[in-house]
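All residue numbers for the sequence shown refer to this note's numbering, where the first residue is 27 and numbers rise by one.
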Amino acid sequence: MCGCNKLQFVSVVKLKLLYTADFSDCMALSHARWDDSSSAMAMAGSIRLFSENFPTIPDEIRLFLYNFPQVEFRFTNCFNLDQEALLQQRSEFFRSMVLSGEEVPSYFTHRTTEISLTNIPLLHTSMSQQFFKFRACAVVSSTEDYNGVQIHVNCQFRGRFGNSIDSFGDQAYFSTVTKDSHLLIFECRILLPKDNAPIAQVNYDHVDMQIHLSTSVFNNWNIHTFKFKGWGIRLLKECSLPQNQLGKPNTLPHVYETDDGNMFDENEHGEECGGTDVVTQSSKRMRIK
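Structure (C-alpha cells):
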C-alpha cells in the first residue's frame, strides 16, 4: 500500500494474521483504525492455535505469545494523518509504529530530550501482575538514507524509603530509509518478578526510566549515525490507585491520573492513564560503532 495517493482511510480490524502494515507516502491518508476488539480476539485465537499445536513451548514463551503485541505499522510521510487520533487507539495487538515528526507528541505525558526520565509516579502497578505496560516514543533524525535502530528501556522501581528494583524491557527494532526525522513508537511490556514475597510486600511509589539506542545492522550495511532528539512515555492501563502499593491488586477500583493532574475512575472514563510532563531543552548526537 506504499505510495497510494488515493487512500484516505484504512482499517485492519478484520485481518487475523498481520505482521507489518506499511502505508508510507500515502499522502491523502487521514485516518487509520485498528482498535476493534474483534480483530484482537481473532489474532489472539490464531496465536493460541499456534501455541496449542506446539505443546512443548516453554511457559515463558507462551506467556509472551499471548501478551506481546504483534503488528508493526509504518506511516512515514503521511502528512494528512491525524496522529493524535491514531495514538489514542487501544493497543491489543499494536507492536510498533513509525511516523514522520520532529518532536515527541503531547500524547506522551512524560517527555524529555535527555536519555533519562525520573520520578514518574506509579498509580498502582502490582508486582503480582505479569507486566508493567507503557507506550514509548523516541525521536531520531537519520543522517543517512538507511538506518537500523534498536531501542530498549530500563526501569528502576523506587520506594519512598530508598528501596528499589530494576527491570529491563525487550528490544524494539526499527529501520528508516530516508534522512527525515522519525517518531519511533513502541509498546513496552516489562515482565515483573513473581514468587518473591519480600518484593511484593514493599511499596514503590515511582519509577525511573532510561532509554538506550544503538545501531541495528542488517545485511552487512555500514554503521551510520543518527541524532537522538528526545523521547517520552505514556503509562498504560495497568497503572492506577494513588495508594502506590505494588503487590496489592484488586483492592480498590482503578483510578488514573489525567494530564492535568486530576484523578478519575477507569470504569467511568476510559482505559489508559497519563501523568505530568517532564521536558528539558538539550539534544544529543550519538555516533554508534
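Note that beta-carbon positions come from the ideal geometry of N, C-alpha and C, so glycine has one too.
Buried or exposed, going by whether 16 or more other CB atoms sit within 10 Å of the CB of Ser32? At residue 32 the sequence reads Lys, which differs from the Ser that was named. Exposed, by the Cβ-count rule.
Under DSSP, the alpha helix (DSSP H) around Gln23 begins and ends at which residues? Residue 23 lies beyond the residue range present for the chain, which begins at 27 and ends at 315; the question has no answer from this structure.
Closest by C-alpha distance to Thr251, when choosing among Phe183, Thr202, His178: Thr202
I believe Asp234 touches Ser142 by the beta-carbon criterion, under 8 angstroms. Please report the beta-carbon distance rounded to the nearest angstrom. 7 angstroms
From Phe254 to Ser132, what distance separates their C-alpha atoms? 18 angstroms
Considering Cα atoms alone, identify which of Glu110, Thr139, Leu148 is closest to Phe160. Leu148
Measuring alpha carbon to alpha carbon, tell me which residue in Leu112, Phe49, Thr144, Val36 is nearest Trp257. Thr144
Using the Cα positions of Phe105 and Asn189, report the straight-line distance between them to the nearest angstrom. 46 angstroms
Distance, Phe212 Cα to Leu262 Cα: 12 angstroms
Between which two residues does the beta strand (DSSP E) containing Gln176 stretch? 173 to 184
Here's the rule: buried if 16 or more other CB atoms are within 10 angstroms of the residue's CB, otherwise exposed. What is Leu113? buried
Pick from Ala58, Arg137, Met53, Val165: whose alpha carbon is nearest that of Lys205? Val165
Distance between Asp231 and Arg186 (C-alpha atoms, nearest Å): 7 angstroms
Where Pro147 sits in the DSSP three-state scheme: strand
Using alpha carbons as the reference points, say which of Met53, Tyr199, Asn103, Cys214 lies closest to Ser207. Asn103
6 angstroms CB neighbourhood of Met123 in its chain, flanking five on each side removed: Phe99, Ile211
Counting along the chain, where does the beta strand (DSSP E) carrying Asp192 start and finish? 190 to 194
Pick helix, strand or coil for Ser132, following the three-state DSSP scheme. coil
Can you have a look at Thr46 and say buried or exposed, based on whether 16 or more other CB atoms are within 10 angstroms of its CB? exposed
Measuring CB to CB, does Arg215 end up less than 7 angstroms from Phe120? no
Would you tell me roughly how many angstroms separate the C-alpha atoms of Ser56 and Glu128, rounded to the nearest one? 19 angstroms
Count the other CB atoms within 10 Å of the CB of Ser37; is the residue buried (16 or more) or exposed (fewer)? exposed
For Asp196, the nearest candidate out of Glu140, Cys163, Gln176, Ile146 (CA to CA): Gln176
Output the boundary residues of the beta strand (DSSP E) element that contains Leu210. 207 to 217
Does DSSP classify Gly256 as helix, strand or coil? strand
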